[in-house]
Amino acid sequence: MNKEDIRYFRLLGIHVIIGFLVYFVPPLRNPMYLFGIIYFFIRIILAHPSHKTLEVLRACCYIVGAEVLFRMTNGGLFYEAS
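First residue of the sequence shown: 37, per the numbering used here; consecutive thereafter.
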């Protein structure tokens, strides 16, 4: 395994843990969602101008995926004004 594979599996493991936490610990849903939005907002601001489009695309994909997860667990911030 090279470094990129290890990084991928580490991120995958972190997201599995986040999924279990969001599912089994309802009070963590909104802070996790807000953390994701703030994290990507900062990444977009700090990105090199040639990479801003890619960062916006990543943020959109991640936030849409998170929105689906939070809708399934009844914890979305923006889902019909939850």
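Virtual Cβ for every residue (Gly too), placed ideally from N, Cα, C. Here the structure is a predicted model, which is why all the values come from computation and not from measurement.
query: Pairwise C-alpha distance: proline 63 and phenylalanine 106; result: 12 Å
query: Cut-off 8 Å between Cβ atoms - residues of its own chain near methionine 108, not counting five sequence neighbours on either side; result: none
query: C-alpha gap between isoleucine 54 and isoleucine 81, whole angstroms; result: 25 Å
query: Glycine 101 and asparagine 66 closer than 8 Å at C-beta; result: no
query: Same chain, Cβ closer than 7 Å to valine 92, five either side skipped, listed in chain order; result: Ile80
query: Spatially closest choice to isoleucine 74 from Val104, Glu40, Leu48 and Ala95, by CA coordinates; result: Ala95
query: Under the three-state DSSP convention, the category valine 100 falls into; result: helix
query: Counted within 10 angstroms of its Cβ, other Cβ atoms place valine 58 as buried (16 or more) or exposed; result: buried
query: Between the CA atoms of phenylalanine 71 and threonine 89 - distance to the nearest angstrom; result: 21 Å
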